[in-house]
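Trainee: Please read through the structure below; I'll follow up with questions.
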Amino acid sequence: MKPYVVGVDIGGTNTVFGIVDARGAVIASSSIKTLKHANVNDYIDELYTGINNLLVAHDAVDKVYGIGIGAPNANYYTGTIEKLVNIPWPTPLPLAQMVSEKFGGLPVAITNDANAAAIGEMTYGAARGMKNFIMITLGTGVGSGIVINGQLVYGSDGFAGELGHVIMKRNNGRLCGCGRTGCLEAYCSATGVARTAREFLEIRTDASILRNLPIEAITSKDIYDAAVAGDPLAKEIFEYTGEILGEAFADFTVFSSPEAIILFGGLAKSGELLLKPIRESMERHMMPTFKGKVKVILSELKEADAAVLGASALGWEAKPLATAQPVAQPATPPPSLPA
58 MKPYVVGVDI GGTNTVFGIV DARGAVIASS SIKTLKHANV NDYIDELYTG
108 INNLLVAHDA VDKVYGIGIG APNANYYTGT IEKLVNIPWP TPLPLAQMVS
158 EKFGGLPVAI TNDANAAAIG EMTYGAARGM KNFIMITLGT GVGSGIVING
208 QLVYGSDGFA GELGHVIMKR NNGRLCGCGR TGCLEAYCSA TGVARTAREF
258 LEIRTDASIL RNLPIEAITS KDIYDAAVAG DPLAKEIFEY TGEILGEAFA
308 DFTVFSSPEA IILFGGLAKS GELLLKPIRE SMERHMMPTF KGKVKVILSE
358 LKEADAAVLG ASALGWEAKP LATAQPVAQP ATPPPSLPA
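In structure tokens:
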């Protein structure tokens, strides 16, 4: 078996890619601007060049088993990106096929970023050896990947596991970016925590370090810094957030009985400020059958490498596309990879 895979994480601003070995060591990585090219074919050309240059520089040409891609709204079953909000490419976009063809038929698999994080955690991180766990990503939104009996849950259409859009507040809930109201993401993402801070500051009179900041500019990092400094209001914001997450985790446990719920993302860096209220709330709301059984732990993936590692783990299970055909390349293509 070839010793390397390539991981590609497509974000709204940057695309990060790297060469990864079977032990989860990132041999080399680089990045390009996602939106440098409005035309997706030009983007794939630049991605090809960037990856190929890495492979040449690290003697990895013809040693890659497959490519794994994490991307917004990517469908593992179809290999397509179904919808893009901040990237002006036409959808549905058959990205797996397009990248495979560009790389001369190399196997390519894609999924969304939270699912990629779950696969990365199971392959290289805190979930090694686990067959039942839930990955929760706490960033700008709340993403999730559900693993049951060692298999990621994709559902009938490839979009299962959107736990960030479970309704937590059924009456007068906050409007979520998905168009519904009361979603977990609207309260427990980094942006949701900032919304909580603004609400608290507007309806209460407590003294707080946060009152020294422009209210619309407050971020979750500001709230964390204030809480570490001992600010009571900031601490209460984390307790409020942890209470909601704990309720949600108790509900998630009922349907999949996970060994652990693993947290990843910027907000997870808050550590015990968030973990303590989550655990307390989760146990308080837990069905008796499951009390004391489910761990809440932090990801073991290094933040700098996590996006590439998560996507690369998918590369080990990529299958050749029957429709993949070599495509014409520019007159002076980068050397090595089949064009």
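Going by the working numbering, the first residue of the sequence shown is number 58, and it counts up by one from there.
Built from N, CA and C at the ideal position, the CB exists for glycine as well.
To the nearest angstrom, report how far apart P145 and L92 are at their CA atoms.
Mentor: 8 Å
Trainee: Who are Q208's beta bridge partners in DSSP?
Mentor: According to DSSP, which records beta bridges pairwise, Q208 is partnered with I205.
Trainee: Tell me whether A381 sits in a helix, a strand or coil according to DSSP, three-state version.
Mentor: Caution is warranted here: a pLDDT of 38 is assigned to A381, below 50, making its placement in the model unreliable, and the coordinate value is therefore given only provisionally. Residue state, collapsed to three classes: coil.
Trainee: Less than 7 Å between C-beta atoms, sequence neighbours within five positions excluded: which residues of the same chain meet that for L111?
Mentor: I76, A85 and S87
Trainee: Return the Cβ separation of L332 and Y281 in integer angstroms, given the expectation that the two are a contact with Cβ distance under 8 Å.
Mentor: So it is not a contact: roughly 13 Å between Cβ atoms.
Trainee: Going by beta-carbon coordinates alone, are V121 and V63 separated by less than 8 Å?
Mentor: yes
Trainee: Spatial neighbours of G322 within its chain, please: C-beta separation below 7 Å, excluding the five flanking residues on both sides.
Mentor: T194, L195 and G196
Trainee: What three-state label does DSSP hand G406 in the structure shown?
Mentor: Absent from the structure is residue 406, since the part of the chain shown begins at 58 and ends at 396.
Trainee: Thinking C-alpha only, which one of M155, A264, G202 and F160 is nearest N172?
Mentor: G202
Trainee: Assess, as a yes-or-no matter, whether the segment 150 to 168 is touched by the segment 180 to 190 under the definition of 3 or more beta carbon pairs within less than 8 Å.
Mentor: no
Trainee: What are the start and end residues of the alpha helix (DSSP H) that includes G372?
Mentor: E360 to G372
Trainee: From which residue to which residue does the beta strand (DSSP E) around V118 run?
Mentor: Segment: none, V118 is in no beta strand (DSSP E) and carries neither H nor E.
Trainee: Within a Cβ cutoff of 6 Å, which residues of the same chain sit near T310, ignoring the five residues on either side of it in sequence?
Mentor: Same-chain partners within the cutoff: F347 and V351.
Trainee: Given a threshold of 16 other Cβ atoms within 10 Å of its Cβ, counted over all protein chains shown, does I272 qualify as buried or as exposed?
Mentor: exposed
Trainee: Compare the C-alpha of I101 against each of L141, Y133 and E158 and name the closest.
Mentor: E158
Trainee: Please say whether A368 and G125 have beta carbons closer to each other than 8 Å?
Mentor: yes
Trainee: At what residues does the beta strand (DSSP E) containing I354 begin and finish?
Mentor: K352 to L355
Trainee: Tell me which same chain residues have a C-beta within less than 8 Å of the C-beta of R268, skipping the five on either side of it?
Mentor: If we look at R268 and ignore the five residues flanking it on each side, its Cβ neighbours are L258.
Trainee: Step through the CB atoms of chain E and report whether any lies within less than 8 Å of the CB of Y134.
Mentor: Protein chain content of the structure displayed is limited to a single chain, and chain E is not contained in it.
Trainee: Cα-Cα, which of C233, F74 and T135 is closest to S213?
Mentor: T135
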